[in-house]
Structures are given as structure tokens and as C-alpha cells.
Amino acid sequence: MLSCALILVAGNAASHGDVTPQAVDVSTLKPLGDEMRDVNPYREDKAAVEVGTSAYNQNCARCHGLEAVSGGIAPDLRTLDLDPDTDVYYRNSVLAGKVRNGAVYMPPYAGILSQEAIWAIKAYLETRRASLDN
Numbered sequence: 001m002l003s004c005a006l007i008l009v010a011g012n013a014a015s016h017g018d019v020t021p022q023a024v025d026v027s028t029l030k031p032l033g034d035e036m037r038d039v040n041p042y043r044e045d046k047a048a049v050e051v052g053t054s055a056y057n058q059n060c061a062r063c064h065g066l067e068a069v070s071g072g073i074a075p076d077l078r079t080l081d082l083d084p085d086t087d088v089y090y091r092n093s094v095l096a097g098k099v100r101n102g103a104v105y106m107p108p109y110a111g112i113l114s115q116e117a118i119w120a121i122k123a124y125l126e127t128r129r130a131s132l133d134n
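Just so we're aligned, residue 1 is where the sequence shown starts under the UniProt record's numbering, counting upward by one.
Right under this line is the structure:
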């Protein structure tokens, strides 16, 4: 019986697919420089939303759900508030990841995703807030 449970767990883990971070092409976005911003500079920027949509689907959707609608594995990112404190929290969470008691709940993306990619994903997430009302 235990071996059946282990097979099911292993199958579910494998169903998440490749968890290697995917490159994000930010060449269409205004460069932000090396100093990390505290507020999303791409808020309501259509080009950033387009880049962020693709980047989210490639790097975040497997845990946070398609179109940012969580299936329960990770938080529903449509609920992020639109204020500077939330921007800093979001940025720091993406950069450092989420680790509790030694368990990695979200990998750190520092050195993997550029600042432009991080804020483009946030710009996309901000467009998804409206779907909470539906």
C-alpha cells in the first residue's frame, strides 16, 4: 500500500514538468538599470504586460496556476494589492524565494530573472486582478 502511495506522489511531482527557469526576452522593454526599483515602473505598460504574460506562463504558472488562478499549490497572485509596499514584498519574494523550516516553497530567482522580467510579470499580474470580480 505504501509503495502505491509513493508512486502516486512521484507521478504528481513529475506532472509539474520542467521546473528549470526559462529565459525572458525583455528586449522590447525600457531598460531599468542595476539599482532595484521599489515600485513597479511598468504598471499599465502594454509591452510589459505582453512580456510578463509570457514570462509568467513559462516560470510561474506551474505553481501559481494558469492566468494566475491558483489551484491551491501556491498563493493566488491576483490578490496582490496595488501599492508600493506590495511591490517591495513581491520583488523581495521573487528574488529570495520562499523557504520555511528548510523547505523550499518557491525557488529564489535572484540572478535568474532580470529586474525587467520581474516587473513585467508584476505588470501582467496587475491585469489579472479584474478577474477576481467575475
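Heads up, the beta-carbon is just placed ideally off N, CA and C, and yes, glycines get one too. Everything numeric in this text was worked out from a predicted model, so none of it was measured.
Measuring alpha carbon to alpha carbon, tell me which residue in the options is nearest residue i.
i	options	result
R128	E116, L95, A23 and R78	R78
N92	N40, P31 and L29	N40
G33	Q115, A120 and L125	Q115
P84	Y109, R43, G102 and P108	R43
R62	A74, G52 and V51	A74
Between residue i and residue j, how many whole angstroms is the CB-CB distance? I'm expecting something under 8 Å.
i	j	result
D25	V88	That pair is no contact at about 26 Å.
Y109	P21	7 Å
Tell me residue i's beta-bridge partners as DSSP assigns them.
i	result
K122	In DSSP, K122 forms no bridge with anything.
R100	A103
Check whether the Cβ atoms of residue i and residue j lie closer than 8 Å to each other.
i	j	result
Y105	Y56	no
L29	A48	yes
C60	I121	yes
L82	E126	yes
Mind pulling the alpha helix (DSSP H) runs of 4 or more residues that sit fully within the stretch 16-91? 46-59 and 61-64
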